[in-house]
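Asks:
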Amino acid sequence: MLGPRPTPVQPAYRTGSTYTGVDESVVGCKPGIVKTVVKVDEGVYKTREVKLTLRYGGYDPDTYDGADGLVLSLTLPAKWLDGGVPIRRLRDAFIGHYRKKRPSARLAAAADEEWGLAIKDESMLLFSKKRLDDDADLTKALYDRQEVYAMTAWDWEDHEAKLAELRKAVVDDLAHTMRHVMHEPESIAPVVSRAQILPGATFVVLAGWYKQQCVLVTPEHTIADLKAYLHHKNGPRMPMEALDIGLRTADDSIEVLDGALTLQQVYEQSIA
0 MLGPRPTPVQ PAYRTGSTYT GVDESVVGCK PGIVKTVVKV DEGVYKTREV
50 KLTLRYGGYD PDTYDGADGL VLSLTLPAKW LDGGVPIRRL RDAFIGHYRK
100 KRPSARLAAA ADEEWGLAIK DESMLLFSKK RLDDDADLTK ALYDRQEVYA
150 MTAWDWEDHE AKLAELRKAV VDDLAHTMRH VMHEPESIAP VVSRAQILPG
200 ATFVVLAGWY KQQCVLVTPE HTIADLKAYL HHKNGPRMPM EALDIGLRTA
250 DDSIEVLDGA LTLQQVYEQS IA
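Quick look at the structure:
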């Protein structure tokens, strides 16, 4: 006979509601373009080129399948690197090129003020972007080799609608996970010495992202407990909302596991 269901643990550490983690590859690229003059030969100097990639592809160029998409690699004029050039000048340069390449596209007929430029924000949602102020100094808002996205009002509407959809999915999944955190994170211990490897003990090997680790658990721990442990140990670098734990299957694919499953159930499922 099954006993009463354990009461979920109320963790003392932070869990957000719409937070989707920090994309460190974006955070690590600080804005700022500096004009650099290099010596090519005796008495010969050259301004180092600064390049940007400008793209149009709806709210998400990586999934956009429209025929009016466009990618432009642009080398900034050396005079722009002195500062004081607004983002509007970059926008206008892309508009002119786009209208020549895609004269019949809906976007080509849009008024200049309907266009805007955007860059990737810090969210781990790959399509999520933030607007650039038309009057912002280009050299202070961007960095060399950055991707810049052209977007219109209808693209921003699609962008916000998709964000709202995914935020709801994040919140719903987080609530489900938190309902099944049954043990404190401290009840899961990392294996750091041979003395912890004893007959009859239960272990889980976690592999992924940037490292592999083995932890000491009990069969009663849940998948949600493992997520809570990882978040507790790593903080914002591994937010609960952005964590999935999966099981490698016989066909070498990954099956994402429900947070409600106990590790005993996962074991039985793996050998079935």
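If you read the sequence shown in numbering that gives the first Met the number 0, its first letter stands for residue 0, the second for the next number, and so on. C-beta atoms are modelled at their ideal positions from N, C-alpha and C, and glycine is treated no differently. In this text the structure is predicted, and so the values were computed from the model without any measurement.
1) For His175, count neighbouring Cβ atoms within 10 angstroms of its own Cβ and tell me buried if that reaches 16, exposed if not.
2) Looking at chain D, is there any beta carbon in it that lies within less than 8 Å of the beta carbon of Met123?
3) Let me know the secondary structure DSSP gives Met0 once reduced to three states.
4) Whose CA, out of Gln264, Gly207, Val169 and Gly82, lies closest to the CA of Leu141?
5) For Val216, which of Arg88, His96, Ile196 and Gln268 has the nearest alpha-carbon?
6) Provide the residue span of the alpha helix (DSSP H) that contains Val70, from first to last.
7) Could you spell out where the alpha helix (DSSP H) holding Met177 opens and where it closes?
8) Under the assumption that Leu69 contacts Ala92 (Cβ atoms under 8 Å), give the Cβ distance between them as a whole number of angstroms.
9) Residue range of the beta strand (DSSP E) that Phe202 falls in?
10) Can you tell me whether Cys213 sits near the ligand GTP, meaning its C-beta is under 7 Å from at least one heavy atom of the ligand?
11) Provide the residue(s) that pair with Arg144 in DSSP beta bridges, ordered along the chain.
12) Quick one: grab the DSSP three-state call for Val43.
13) Helix, strand or coil: how does DSSP classify Glu254 here?
14) Taking Pro76 as the reference, which of Leu116, Leu51 and His231 has the closest Cα?
15) Three-state secondary structure (DSSP) at Asp91?
Replies: Let's see:
1) exposed
2) No chain D is part of this structure, which consists of one protein chain only.
3) Residue placement at Met0 is flagged as unreliable, the pLDDT there being 42, under the threshold of 50; the coordinate-derived value follows with that caveat. Here Met0 sits in coil by DSSP.
4) Gly82
5) Ile196
6) First-last for Val70: Leu69 to Thr74, but that is the beta strand (DSSP E), not the alpha helix (DSSP H).
7) Ala152 to Arg178
8) Actually they do not touch by this definition, with Cβ atoms about 13 Å apart.
9) Thr201 to Gly207
10) Ligands are entirely absent from the displayed structure, and the ligand GTP is therefore not among its contents.
11) Answer is none; Arg144 lacks a bridge partner.
12) strand
13) strand
14) Leu51
15) helix
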